[in-house]
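Q: Questions regarding the structure given below will be posed in turn.
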Amino acid sequence: MRIKALVVLLSIFLVIPLYSVTKIERLGVHPFMKKRVITPEDLRNIKKYEADLKAGFEMAGASELLAPFIEEIKAGRIWDSELKAGDTVKWMLFKERGKVKVVTDGEIAIKKPIKAYRVTFFKDLKTYDFVIPSICANISLMNVTEHPAPECYLEVSPGRIEVGNPVILDLCKSKNWVKGVIKVSLGGKEISTVEATKDDCKKTFTANEPGNYKFEATVYEEHEIASTNPCVASVEYWKNLPPQCDLKVSPEKVLTGEEITLDASGSSDPEGKLKGVKFTIKSDGVVEEKTISEPPYVYKFKPAKAGSYKVELVAIDDHDVSSSTCEGSYNVLRRGFFLAETGIMSQADPRLFLPLRFGYQYRLNQNYRVAGILGYNIKIKGNNDEDEYGNPFTADILFFYQPERFFIGAGTGLWLVKNENNLDFIVKAGYEVYYTDNLGVYLFLEGRIPYVNFDEKSDRGVILFGGGVRF
3 MRIKALVVLL
13 SIFLVIPLYS
23 VTKIERLGVH
33 PFMKKRVITP
43 EDLRNIKKYE
53 ADLKAGFEMA
63 GASELLAPFI
73 EEIKAGRIWD
83 SELKAGDTVK
93 WMLFKERGKV
103 KVVTDGEIAI
113 KKPIKAYRVT
123 FFKDLKTYDF
133 VIPSICANIS
143 LMNVTEHPAP
153 ECYLEVSPGR
163 IEVGNPVILD
173 LCKSKNWVKG
183 VIKVSLGGKE
193 ISTVEATKDD
203 CKKTFTANEP
213 GNYKFEATVY
223 EEHEIASTNP
233 CVASVEYWKN
243 LPPQCDLKVS
253 PEKVLTGEEI
263 TLDASGSSDP
273 EGKLKGVKFT
283 IKSDGVVEEK
293 TISEPPYVYK
303 FKPAKAGSYK
313 VELVAIDDHD
323 VSSSTCEGSY
333 NVLRRGFFLA
343 ETGIMSQADP
353 RLFLPLRFGY
363 QYRLNQNYRV
373 AGILGYNIKI
383 KGNNDEDEYG
393 NPFTADILFF
403 YQPERFFIGA
413 GTGLWLVKNE
423 NNLDFIVKAG
433 YEVYYTDNLG
443 VYLFLEGRIP
453 YVNFDEKSDR
463 GVILFGGGVR
473 F
């Protein structure tokens with residue numbers, strides 16, 4: 003009797019336990035749904051079985067899978083399949099005497115394949131594969147496939163760049179992903195998003211304002227599961243401000259051959275460094291262009307030609323951006339001038355002469371000058387009616403101190419006349435009533451006396467009051 007009862011029990015359960023694997027040899031004896039052939043439409047009408055499903059999933063320890071399973075069924079995501087010998091299930095639901103039961107670790111041992119339906123869904127990085135035999139609707143979990151979590155890896159290059167230029171946002175080294183989103187923020191405020199895919203994993207971003215930009219990326223696998231690892235990079239965008247020039251010209255007035263210094267050492271670049279400076283010297287056109295690429299950006303030279311000159315300076319930064327133009331000027335004075343003088347010359351004899359003089363003046367420096375003057379002095383009044391004193395010829399050389407308009411000087415000169423040739427000592431003082439760098443009109447007072455008269459009373463001292471032109 004006991005043996006017969008055991009055989010009946012085995013036929014009811016239709017399973018043979020062997021090494022912890024339950025072999026399932028017959029299906030349809032204890033169906034979950036009682037119908038000869040179960041269709042997908044029958045499965046979609048699953049609402050009336052929800053209580054049994056809940057009990058069965060709880061018994062299988064898979065309560066969290068019930069909701070997505072029902073969702074897939076109701077949505078009609080049911081695919082044709084088959085069940086054959088050798089297939090395994092992790093658990094199978096069936097009904098015995100109206101009660102839901104579950105068998106675990108089962109192996110299908112039927113003789114012929116039977117039609118089945120397959121329901122597959124993804125949850126928490128796992129794919130769950132259910133199989134449902136069409137002859138019994140015994141819902142069975144067949145496979146569970148685990149998927150690795152997505153990992154984000156973001157590279158942004160370069161780390162510092164000028165505004166208006168793109169940076170590369172590279173997600174290519176991320177793992178287990180199909181798409182990604184990069185949020186761009188500035189000052190804690192999100193200003194843009196950039197989307198990428200695994201097949202298009204390098205993107206670009208361009209900022210038009212300076213600042214430190216933060217890039218925070220998240221990648222997603224095919225089921226929209228997001229990465230959780232930190233994935234952040236930053237870039238400093240800087241704006242290339244034009245450089246600032248600074249020009250000092252010293253001295254602003256020189257003689258030909260004296261040194262002038264053009265000093266641009268105060269030029270600077272607000273956010274970078276200077277590549278160099280360029281001096282342009284003009285006077286009725288460009289006279290010279292000089293580029294200096296090494297600090298301290300000072301140019302010294304000695305001009306050879308007199309004139310008024312304008313200096314333009316441009317500073318150039320390491321991005322070839324030029325500053326506005328700084329300007330300066332300097333005057334180069336010629337050293338030599340011609341002189342023409344006349345006046346009234348009075349001799350102690352007494353005699354009066356009209357001097358006619360022509361000479362040349364040379365500037366030794368800004369304050370001191372030397373002049374050579376030749377003169378022919380026409381006697382206009384003698385000491386008596388029979389005075390035979392001739393018209394003297396003079397040849398003088400004088401040294402002057404003349405810082406501006408006033409001048410004073412001394413020198414020596416020849417007095418050549420009939421029957422009288424002397425070497426004179428000369429003093430001279432005057433003032434330029436009209437003054438420019440290249441032209442002067444002056445008045446002067448000159449006295450001269452022969453050296454031979456120094457030790458005796460002079461009988462030929464000469465006083466000259468006159469005027470002259472320097473040109």
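Using the working numbering, read the sequence shown as starting at 3 and increasing by one per residue. Glycine included, C-beta positions come from ideal geometry on N, C-alpha and C. All values reported here derive from a predicted model rather than from experimental measurement.
1. Terminal residues of the continuous beta strand (DSSP E) containing Asp131?
2. Going by DSSP, what residue range makes up the beta strand (DSSP E) through Phe59?
3. Beta-carbon separation of Val146 and Arg79 under 8 Å?
4. For Glu218, which option in Glu261, Cys154, Thr24, Ser252 has the closest C-alpha, if you only look at C-alpha atoms?
5. Examine the Cβ distances between the region 46 to 66 and the region 129 to 147 and report whether three or more of them are shorter than 8 Å.
6. Would you report the Cα separation of Cys203 and Asp172, rounded to the nearest angstrom?
7. Do you know whose CA, among Pro297, Pro305, Tyr299, lies nearest Ile283's CA?
8. Should Val313 and Thr258 be called a contact, given that it needs their Cβ atoms to be closer than 8 Å?
9. Kindly indicate which three-state DSSP category Phe467 falls into: helix, strand or coil?
10. In chain order, what residues of the same chain have a beta carbon less than 8 Å from the beta carbon of Glu74, not counting five sequence neighbours either side?
11. Does DSSP put Glu406 in a helix, in a strand, or in coil?
12. Just the C-alpha distance for Asn178 and Ala266, rounded to the nearest angstrom, thanks.
13. In angstroms with no decimal places, state the Cα-to-Cα distance between Gly432 and Tyr403.
14. The alpha helix (DSSP H) with Phe71 in it runs from where to where?
15. So within the region 98 to 159, which uninterrupted beta strand (DSSP E) runs reach at least 3 residues, ignoring any that extend past its ends?
16. Provide the residue span of the beta strand (DSSP E) that contains Arg371, from first to last.
17. For Ala431, write down the residues that DSSP places opposite it in a beta bridge.
18. Note down, one range per segment and in chain order, each beta strand (DSSP E) of at least 3 residues found wholly within the region 197 to 275.
19. Using only the alpha-carbon positions, how far apart do Lys2 and Pro352 sit?
20. Mark Ser159 as exposed unless 16 or more other C-beta atoms lie within 10 angstroms of its C-beta, in which case mark it buried.
21. Over the uninterrupted alpha helix (DSSP H) stretch that includes Pro42, give me the two end residues.
22. Would the region 190 to 207 count as touching the region 128 to 137 if we require 3 or more Cβ pairs under 8 Å?
23. Among the residues of its own chain, which have a CB less than 7 Å from the CB of Ala209, if the five just before and after it don't count?
24. Any contact of the region 325 to 332 with the region 370 to 378, i.e. 3+ C-beta pairs under 8 Å?
25. So what's Lys307 in DSSP terms, helix, strand or just coil?
26. Take Glu291 as the anchor and find which of Val316, Glu43, Gly100, Lys92 has the nearest alpha-carbon.
27. Can you tell me which of Ile72, Thr438, Val279 puts its alpha carbon nearest to the alpha carbon of Ser325?
28. Leaving out five residues before and five after Leu68 in sequence, what residues of the same chain have Cβ atoms less than 8 Å from its Cβ?
29. Comparing alpha-carbon positions, which option in Thr414, Lys275, Thr41, Glu254 lies nearest Pro245?
30. Going by the C-beta, is Val186 closer than 7 Å to any heavy atom of the ligand SAM?
31. Considering just the uninterrupted stretch of the beta strand (DSSP E) at Leu171, what are its terminal residues?
32. Let me know the secondary structure DSSP gives Tyr437 once reduced to three states.
33. Tell me where the beta strand (DSSP E) around Asn367 begins and ends.
34. Nearest-angstrom Cα distance between Thr327 and Tyr299?
35. Given a cut-off of 8 Å on the beta-carbon distance, is the pair Asn379 and Thr396 in contact?
A: So, to answer that:
1. Walking along the sequence shown from the start, residue 131 turns up at place 129. Where Asp131 is concerned, the enclosing beta strand (DSSP E) starts and stops at 128 to 135.
2. Along the sequence shown, one-based indexing puts residue 59 at 57. No beta strand (DSSP E) holds Phe59; the alpha helix (DSSP H) holding it covers 52 to 61.
3. In the sequence shown, counting from the first residue as 1, residue 146 sits at position 144. In the sequence shown, counting from the first residue as 1, residue 79 sits at position 77. It is not a contact, given that the beta carbons lie outside the stated cut-off.
4. Numbered from 1 along the sequence shown, position 216 holds the residue referred to as residue 218. Among Glu261, Cys154, Thr24, Ser252, the Cα nearest to that of Glu218 belongs to Cys154.
5. yes
6. Residue 203 sits at position 201 when you count from the first residue of the sequence shown. Residue 172 sits at position 170 when you count from the first residue of the sequence shown. If I take the Cα positions, the gap works out to 6 Å.
7. Translated into positions along the sequence shown, residue 283 becomes position 281. The shortest C-alpha separation from Ile283 is found at Pro305.
8. Within the sequence shown, residue 313 is the residue found at index 311, counting from 1. Within the sequence shown, residue 258 is the residue found at index 256, counting from 1. No, the Cβ-Cβ distance between Val313 and Thr258 is not below 8 Å.
9. For this step, residue 467 is matched to residue 465 along the sequence shown. Looking at Phe467 - three-state DSSP - the assignment turns out to be strand.
10. Translated into positions along the sequence shown, residue 74 becomes position 72. Excluding sequence neighbours, Glu74 sits near Ile80, Val121, Thr122, Phe123.
11. Working through the sequence shown from its first residue, we reach residue 406 at position 404. Glu406 carries a coil assignment under DSSP once its states are collapsed to helix, strand and coil.
12. Working through the sequence shown from its first residue, we reach residue 178 at position 176. Working through the sequence shown from its first residue, we reach residue 266 at position 264. Taking the straight line from one Cα to the other gives about 59 Å.
13. By one-based count along the sequence shown, residue 432 stands at place 430. By one-based count along the sequence shown, residue 403 stands at place 401. Computed Cα separation, rounded: 11 Å.
14. To locate residue 71, count along the sequence shown from 1; it is residue 69. Start and end: 68 to 76.
15. 101 to 110, 116 to 125, 128 to 135, 142 to 148, 157 to 159
16. Against the sequence shown, residue 371 aligns to sequence position 369. Counting along the chain, the beta strand (DSSP E) containing Arg371 begins and ends at 370 to 383.
17. Residue numbering aside, residue 431 sits at position 429 when the sequence shown is read from its first letter. Paired residues: Ile410, Leu447.
18. 204 to 208, 213 to 222, 234 to 240, 250 to 252, 255 to 257, 262 to 265
19. Coverage of the chain is limited to positions 3 through 473, which leaves residue 2 absent and any answer about it impossible.
20. What you label residue 159 is simply residue 157 of the sequence shown in a count that begins at 1. Ser159 is exposed by the Cβ-count criterion.
21. Numbered from 1 along the sequence shown, position 40 holds the residue referred to as residue 42. 42 to 46 is the span of the alpha helix (DSSP H), which, as asked, contains Pro42.
22. Cβ pair count under 8 Å is below three, so no.
23. Residue mapping note: residue 209 aligns to position 207 of the sequence shown, counting from 1. Counting only Cβ-Cβ distances below 7 Å, and skipping sequence neighbours, we find Val165, Tyr215, Tyr239.
24. no
25. For the purposes of this step, residue 307 is taken as the residue at position 305 of the sequence shown. It is coil, neither helix nor strand.
26. As a working note, residue 291 is residue 289 in the sequence shown. Of the listed residues, the one whose Cα sits closest to Glu291 is Val316.
27. For the purposes of this step, residue 325 is taken as the residue at position 323 of the sequence shown. Nearest of Ile72, Thr438, Val279 to Ser325, Cα basis: Val279.
28. For the purposes of this step, residue 68 is identified with residue 66 of the sequence shown, where counting begins at 1. The residues are Leu55, Lys56, Phe59.
29. Within the sequence shown, residue 245 is the residue found at index 243, counting from 1. Residue Lys275 is the option with its Cα nearest to Pro245.
30. Among the ligands in the structure shown, none appear at all, so the ligand SAM cannot be discussed.
31. The sequence position of residue 171 within the sequence shown is 169, counting from 1. Leu171 -> beta strand (DSSP E) spans 168 to 172.
32. Here residue 437 corresponds to residue number 435 of the sequence shown, with the count starting at 1. Strand, per DSSP.
33. Taking the first residue of the sequence shown as 1, we reach residue 367 at position 365. No beta strand (DSSP E) contains Asn367, which DSSP labels as neither H nor E.
34. In the sequence shown, counting from the first residue as 1, residue 327 sits at position 325. In the sequence shown, counting from the first residue as 1, residue 299 sits at position 297. For Thr327 and Tyr299, the distance between alpha carbons rounds to 15 Å.
35. By one-based count along the sequence shown, residue 379 stands at place 377. By one-based count along the sequence shown, residue 396 stands at place 394. Yes, these two residues count as a Cβ contact at 8 Å.
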